[in-house]
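What follows is a single structure, written as structure tokens, with notes after it.
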Amino acid sequence: MVMLSEISKTILAEADKRGPDKSTCPSEIARMLFGDDWRKEMGKVRDVAIGLHREGKVVITQKGVPIDVDHIKGPVRIKITQNENTSD
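Each residue of the sequence shown is one higher than the one before, starting from 291 at the first, in this note's numbering.
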């Protein structure tokens, strides 16, 4: 069973790997962690990403623009914030 902390670490690691100019899709994280069951776990991945966004560790975007995470509609992307990027 994948713990929420593992989801958080994976989101941060993947977003950091891409840097602040690129993003990752929540479904990529879900596929990495949950294999064939990834669709069932998308809610968890999205919830953890929203928590990281609220903590200022990542930015959730749509079409490259940061969004209000209280009103998400449609697909989103996750980007590391400049402050959290460790790949410099």
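Quick reminder that beta carbons are idealized off the backbone N, C-alpha and C, glycines included.
Roughly how many angstroms separate the alpha carbons of residue i and residue j, rounded to a whole number?
i       : j       : result
Asp-360 : Lys-330 : 21 Å
Ile-319 : Asp-358 : 21 Å
Lys-347 : Val-292 : 21 Å
Thr-371 : Leu-294 : 20 Å
Asp-306 : Lys-299 : 10 Å
Asp-311 : Glu-345 : 19 Å
I think residue i touches residue j, with their Cβ atoms under 8 Å apart; what is that distance to the nearest whole Å?
i       : j       : result
Gln-352 : Gly-341 : Contact flag wrong, Cβ pair sits at about 18 Å.
For residue i, verify whether its CB is less than 8 Å away from any heavy atom of the ligand GDP.
i       : result
Lys-347 : Because no ligand of any kind appears in the structure shown, any question about the ligand GDP cannot be addressed here.
Count the other CB atoms within 10 Å of the CB of residue i; is the residue buried (16 or more) or exposed (fewer)?
i       : result
Pro-316 : buried
Assuming contact is defined by CB atoms lying nearer than 9 Å, are residue i and residue j in contact in what I supplied?
i       : j       : result
Arg-336 : Trp-328 : no
Ile-362 : Pro-356 : no
If you drop the 5 nearest sequence neighbours on each side, which residues of the same chain put their C-beta closer than 7 Å to that of residue i?
i       : result
Ile-301 : Ile-319, Val-338, Ala-339, Leu-342, Val-348, Ile-368
Ser-313 : Thr-351, Arg-367, Ile-368, Lys-369
Quick one: residues in its chain with C-beta nearer than 8 Å to the C-beta of residue i, no 5 flanking neighbours on either side, listed in chain order?
i       : result
Ile-296 : First, the residue type needs correcting, since residue 296 is Glu and not Ile in the sequence shown. Here the set comprises Leu-323.
Arg-308 : Thr-314, Lys-369, Ile-370
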